[in-house]
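In our numbering, the protein residues as written are 292 to 434.
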């Protein structure tokens with residue numbers, strides 16, 4: 292999954308943008324971007340544990356915020372590095388849900404080398420937009 296770092300949005304934090312053909316794709320890309328920014332080599336994460344979780348929110352931005360925050364929470368509280376394998380977004384104007392299947396493993400500081408530790412997703416400049424046949428999500432993370 293590719294992402295682009297956005298300069299000039301925040302001085303102390305890191306901003307990035309992902310693109311995709313649908314919402315499912317940008318949700319998956321966002322989680323991959325989180326760990327690609329944090330880790331020196333995301334390929335070192337082995338699919339040894341499987342989890343599923345769901346999120347619900349009144350709008351897409353809050354759903355994305357909650358979804359990405361789940362990965363940070365699992366990293367910090369359970370020492371799990373997880374990458375989404377399947378995401379399904381459903382919803383209408385006032386209610387959105389996300390179902391996610393993710394795989395990964397327990398953090399091993401000898402194999403999982405971190406460049407930076409992302410502490411949280413922020414609401415600053417958080418956006419999800421659709422332009423023709425492409426979706427984009429912009430995120431600022433607290434490091």
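Heads up, the beta-carbon is just placed ideally off N, CA and C, and yes, glycines get one too.
Bear in mind the structure is a predicted one, so any value in this text is a computation, not a measurement.
**Request:** Thinking residue 321 and residue 430 are a contact (beta carbons under 8 Å), I'd like their distance in whole angstroms, please.
**Result:** If you number the chain shown from 1, residue 321 lands on position 30. If you number the chain shown from 1, residue 430 lands on position 139. So it is a contact: roughly 6 Å between Cβ atoms.
**Asked** With a Cβ-Cβ cutoff of 8 Å, do residue 373 and residue 394 count as a contact?
**Response** Taking the first residue of the chain shown as position 1, residue 373 is located at position 82. Taking the first residue of the chain shown as position 1, residue 394 is located at position 103. Going by beta carbons, residue 373 and residue 394 fall inside the 8 Å limit.
**Asked** Does DSSP put residue 360 in a helix, in a strand, or in coil?
**Response** Working through the chain shown from its first residue, we reach residue 360 at position 69. Residue 360 carries a helical assignment under DSSP once its states are collapsed to helix, strand and coil.
**Item:** Cβ-based burial, residue 407 [other Cβ within 10 Å; buried from 16]
**Value:** Position 116 of the chain shown, counted from the first residue, corresponds to residue 407. Looking at its Cβ environment, which holds fewer than 16 other Cβ atoms inside 10 Å, residue 407 is exposed.
**Asked** Does the beta-carbon distance from residue 359 to residue 325 come in below 8 Å?
**Response** By one-based count along the chain shown, residue 359 stands at place 68. By one-based count along the chain shown, residue 325 stands at place 34. Taking 8 Å as the Cβ cut-off, residue 359 and residue 325 qualify as a contacting pair.
**Prompt:** How about residue 346 and residue 361: are their beta carbons less than 8 Å apart?
**Reply:** The sequence position of residue 346 within the chain shown is 55, counting from 1. The sequence position of residue 361 within the chain shown is 70, counting from 1. Cβ distance < 8 Å, so residue 346 and residue 361 count as in contact.
**Message:** When you compare the CB positions of residue 307 and residue 317, do they come within less than 8 Å of one another, or not?
**Reply:** For the purposes of this step, residue 307 is identified with residue 16 of the chain shown, where counting begins at 1. For the purposes of this step, residue 317 is identified with residue 26 of the chain shown, where counting begins at 1. No, Cβ-Cβ distance for residue 307 and residue 317 is not below 8 Å.
**Asked** Given a threshold of 16 other Cβ atoms within 10 Å of its Cβ, counted over all protein chains shown, does residue 354 qualify as buried or as exposed?
**Response** As a first step, residue 354 must be located in the chain shown, where it is residue number 63. It is buried - the Cβ of residue 354 has at least 16 other Cβ atoms within 10 Å.
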